[in-house]
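Numbering (full-length UniProt numbering), first residue to last: 1 to 572.
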């Protein structure tokens, strides 16, 4: 029987496919005696053999997709499974104690884990983590449950998960993953943002989808309306296949605008840019007619690995994007780690409020060598395109001056060493802290541009965690208070002859676009998949009319009143 769930539509489109559960399996077991120890030893050996085959496959896939260095962690796991000093005692425990393989595996590996964790040598302490991972894999095969690995998906599926981490989404192959649906999250959670980058349908915040879906269940994801249908009927399948076809036809219409400039009905040009996470995202930017890269999230260079990227690795990534955009503007945000984005190899403090804590530029100032390495790589790459550098989470003018001073210092060193550096790099800041938005007139005297990060600006202004469904009603991009802050920033930049972009999800929101045009926004940066839809909308709008709309909207009392006003103007 079909079951329907409602969630938050996070990425447009319709997906119809079997479910792939990306959830942690239940590995609990009871200790028990066994009558046939030889048979139990054989059961353990079979689980080890299957685990080896699985690890070989994962290792080869990692080497192919990510390089040999990333595959080495799986070599370590294979060494553990091939070690007679570990496997032998487990088999002996089964024989001598007449216990089930699960219990012998768990108790024996516990002894080894404790021994390695007590050693002074860091390399040996890391082996404890390898043994834990291997134990989990062998135990899963003994219990007959599977450990999900998104990088090994090789058929069309809809991924179902409690949530997706940035490293999970980075492993998704869009040729096979047709969409995903999660229990938690909002439109601005990183899983939702990545779905839009991958241009696959997504629904987040269903609260309970993982409780209702089993592996290989047929699932429909309606990323246009936020509906999830489990075990759909033939009628529902037919209906959504038609919706899928109609949406594809609409996309084909938008695609005709790919090579056109973004000009309003009364001839005013604005720039439509794309947000990217990796150089491979450029394919989507170009395919969707992006006029610039308005946000390059460099933290993805640091994720899905076990050490910091070198200066050379970063240089190659930045060079690839700058060259690929062929002279069009590329705004690169310096490292923004912290909040919900962590690195396994960077020891970050446990914090009560990580979004308000040690993150982004604050973390870079405390790890200056890390910051300087990134800035050097950016400066070296600057000659290959039109680079603009943006510092995140700037709260005070002093922070901007300090960041700029470090950049200038590295620039002088490179030039002294005979390294060519562009002399036309613009420097800007993300406006995401209300204090910076309020003081925009002073910042505008010192920066070359602003880019408004509405995802954080809204949550900080409304004091509402954007990852928390209980307060998601307060995530209000159309609230007059937010619109007034946006206006303040744009006006301050224009007064000093500077420009303002927006790289938060609000920039591609079809209700917000008319308001932002009216407020004078110069650059709209969004997921590449939203560019053509936004260009189509902007071509139908008169900027002069939208200026009147924005002026009225600023004097409304609620977000709902603003939405009603936009609908009225667009309908006229």
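In this text, a Cβ means the ideal position worked out from N, Cα and C, and glycines have one as well.
For clarity, every value in this text was computed on a predicted model and none was experimentally measured.
| Query | Result |
| --- | --- |
| Given residue 484 as reference, the closest of 94, 550, 544, 21 once Cα atoms are compared | 550 |
| For residue 450, the first and last residue of its enclosing beta strand (DSSP E) | 449-452 |
| Straight-line Cα distance separating residue 570 from residue 23 | 43 Å |
| Start-to-end residues for the beta strand (DSSP E) that takes in residue 500 | 499-502 |
| Nearest neighbour of residue 573, chosen from 116, 114, 224, 31 [CA to CA] | For the chain, the structure presents residues 1 to 572; residue 573 sits outside this window and is missing. |
| Contact check, residue 150 vs residue 159, beta carbons under 8 Å | yes |
| The segment 437-456 contacting the segment 380-399, beta-carbon criterion three pairs below 8 Å | yes |
| Sub-8 Å separation of residue 478 and residue 454 beta-carbons | no |
| Residue ranges of each alpha helix (DSSP H) within the segment 182-267, 4 or longer | 190-198, 209-212, 234-255 |
| Residue 518 and residue 561 closer than 8 Å at C-beta | no |
| Stretch pair the segment 380-387 + the segment 314-326: three plus CB contacts closer than 8 Å | yes |
| Element boundaries [alpha helix (DSSP H), containing residue 323] | 311-324 |
| Cβ separation of residue 321 and residue 451, assumed to be a contact under 8 Å, to the nearest whole Å | That belief does not hold up - the Cβ atoms of residue 321 and residue 451 are roughly 16 Å apart, past 8 Å. |
| Spatial neighbours of residue 476 in its chain, beta-carbon cut-off 6 Å, leaving aside the 5 residues before and after | 559 |
| Outcome for residue 415 when other beta-carbon atoms lying within 10 angstroms are tallied against a minimum of 16 | exposed |
| Simplified DSSP state of residue 386, which is helix, strand or coil | strand |
| Whole-Å CB distance - residue 184 paired with residue 217, under 8 Å assumed | Going by Cβ atoms, the distance from residue 184 to residue 217 rounds to 20 Å, so no, they are not a contact pair. |
| Separation of residue 81 from residue 96, as counted between CA atoms | 21 Å |
| Contacting residues, own chain, Cβ-Cβ under 6 Å from residue 278 (five flanking each side not counted) | 300 |
| Per-residue burial, residue 359 [other beta carbons within 10 Å of its own, 16 or more giving buried] | buried |
| Sub-8 Å separation of residue 525 and residue 274 beta-carbons | yes |
| Selection from 250, 215, 444, 427 that minimises the alpha carbon distance to residue 231 | 215 |
| As assigned by DSSP and simplified to three states, the class of residue 33 | strand |
| Per DSSP, the bridge partner or partners of residue 20 | 159 |
| Residue 9 and residue 224 closer than 8 Å at C-beta | yes |
| Continuous beta strand (DSSP E) stretch holding residue 540: start and end | Careful: residue 540 lies outside any beta strand (DSSP E) and carries neither H nor E. |
| Which of helix, strand or coil DSSP assigns to residue 180 | strand |
| Rounded C-alpha distance that separates residue 142 from residue 305 | 29 Å |
| Closest Cα partner of residue 13 within the set 247, 351, 2 | 247 |
| The segment 459-474 touching the segment 421-428, judged by at least three CB pairs closer than 8 Å | no |
| 8 Å Cβ cutoff met for residue 280 and residue 269 | no |
| Nonlocal neighbours in the same chain, by C-beta distance under 8 Å from residue 563, ignoring five residues either side | 478, 511 |
| Identity of the residues DSSP links to residue 87 by a beta bridge | None; residue 87 has no bridge partner. |
| Sheet register partners of residue 492 (DSSP bridge) | Bridge partners of residue 492: none, in fact. |
| Segment limits, beta strand (DSSP E) that includes residue 10 | 8-11 |
| Endpoints, the beta strand (DSSP E) within which residue 420 is located | From DSSP, residue 420 is part of no beta strand (DSSP E); its letter is neither H nor E. |
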